[in-house]
Amino acid sequence: MQTNPSQSIGVFDSGVGGLTVVRALVERLPFESIIYFGDTARVPYGVKSSETITRYAMQITEFLLQQEVKLLIIACNTMAAVSYQAVAGLSPVPVLDVIDAGARSTVAERHTKNVGVIGTPATINSNAYERAIHRYNPGIRIVSRACPLFVPLIEEGWLDHQVTRLTAQEYLRPMLTDNIDTLVLGCTHYPLIKGLLQEVAGNDIRLVDSALAMAEMAANLLREKNLSNPEQIPPDYKFYVTDVPYRFQAIGERFLGRQLFPVQLIKW
Ligand code: DGL
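Mapped onto numbering that gives the first Met the number 0, the consecutive letters of the sequence shown carry residue numbers 0 to 267.
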């Protein structure tokens, strides 16, 4: 497949959460066009089996490759954890994923010793973060915890709500007792409750948001491969979803931090 700098970056997630990654990409790479795919009809993936998650991930990959993207970004921690190899095996264009981005960002701070990772059950059960962080620094101690209640609470918009705060206290308690110095937000939804998590964890703990690291990695890769768009004109953004659920626009815009438009529905 021939790639050229004017092609779009393909970004995908199980739903709207990956728009936190798009938001970071738009800020870091303002002249790159983006095609986003959110599988809103089948979200959440984080509680599904690996086989199902990989089957869905490959279907989305094929769809984005048909749109002739120059780079694929797995903006979903769950798909990155379970299906990275399958996606990379299918793709003739480079593939970046949020777990690698999060791991690099975790080890970038050299005082990091005790890391807590939170994510969906599929992400945590896969141990993908442990493997990725230990690839860069085997000496780091890691404790992890699945937090299945966060995704529905965030989609409900309870970003600064007492129920979310109590849930966070409950989930984080064992890690805080374990004296972690860093907390990795291993799910694309979690940056939306970063403030609340920082408050519960305390200011001494560094929070790692892989969306920002992802944007930096994408910028570096495009530069290295001579794939950065040289044209400084307003880019094109396309959003594909498999369902337009109740309050979709409002939730999506909260993730993206700007107007979500135009959204095209794919019926699978
Ligand atoms: N996008 C998923 C992730 O980052 C969270 C939502 C889901 O469970 O599908 O892990």
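Every residue, glycine too, gets a C-beta built ideally from N, C-alpha and C.
Closer than 7 angstroms: residue i CB and nearest ligand 1 heavy atom
i, result
"Gly-9", "no"
"Cys-146", "no"
"Asp-12", "yes"
"His-188", "yes"
"Gly-251", "no"
"Val-42", "yes"
"Thr-241", "no"
"Val-150", "yes"
"Asn-126", "no"
"Thr-119", "yes"
"Thr-122", "yes"
"Thr-105", "no"
Sequence-distant residues of its chain with Cβ nearer than 8 angstroms to residue i (five each side left out)
i, result
"Lys-224", "Pro-93"
"Leu-89", "Met-57, Thr-60, Glu-61, Leu-64"
"Gly-140", "In the sequence as displayed, the identity of residue 140 is Arg instead of Gly. For Arg-140, where only same-chain residues beyond five positions count, the Cβ hits under 8 angstroms are Lys-112, Asn-113, Val-114."
"Pro-147", "Gly-45, Val-46, Thr-119, Pro-120"
"Glu-108", "Thr-181, Arg-205"
Alpha-carbon to alpha-carbon, residue j and residue i
i, j, result
"Ile-250", "Gln-161", "20 angstroms"
"Ser-104", "Leu-152", "26 angstroms"
"Phe-62", "Asp-242", "16 angstroms"
"Thr-111", "Met-174", "15 angstroms"
"Thr-181", "Ile-52", "28 angstroms"
"Ile-33", "Arg-257", "14 angstroms"
"Thr-163", "Gly-101", "23 angstroms"
"Ile-232", "Gln-197", "37 angstroms"
"His-188", "Pro-91", "29 angstroms"
"Ala-145", "Pro-244", "26 angstroms"
"Leu-184", "Gly-194", "12 angstroms"
"Gln-263", "Gly-16", "17 angstroms"
"Tyr-236", "Pro-261", "8 angstroms"
"Leu-226", "Pro-4", "4 angstroms"
"Thr-166", "Asp-203", "20 angstroms"
"Arg-54", "Val-46", "15 angstroms"
"Arg-253", "Arg-246", "11 angstroms"
Cut-off 6 angstroms between Cβ atoms - residues of its own chain near residue i, not counting five sequence neighbours on either side
i, result
"Ala-14", "Note that residue 14 is Gly in the sequence shown here, rather than Ala. Contacts found: Gly-37, Thr-39, Val-42."
"Ala-127", "Ala-80, Ile-98"
"Gly-96", "The sequence as given places Asp at residue 96; Gly does not occur at that position. Ile-73, Ala-79, Tyr-83."
"Ile-123", "Ser-143, Ala-145"
Residue i burial status per 10 Å Cβ neighbour count (16 or more: buried)
i, result
"Pro-190", "buried"
"Glu-31", "buried"
"Lys-69", "buried"
"Ser-125", "buried"
"Asn-228", "buried"
"Asp-177", "exposed"
"Gly-9", "buried"
Close Cβ partners of residue i (< 7 angstroms) along its chain, the five nearest in sequence each way excluded
i, result
"Tyr-135", "Ala-102, Arg-103, Val-106"
"Glu-67", "Gln-6"
"Asp-12", "Gly-37, Ala-74, Cys-75, Thr-187"
Whole-number beta carbon distance between residue j and residue i, since they are thought to touch under 8 angstroms
i, j, result
"Ala-23", "Ala-214", "4 angstroms"
"Tyr-317", "Val-21", "This structure leaves residue 317 out entirely; the chain is present only between 0 and 267."
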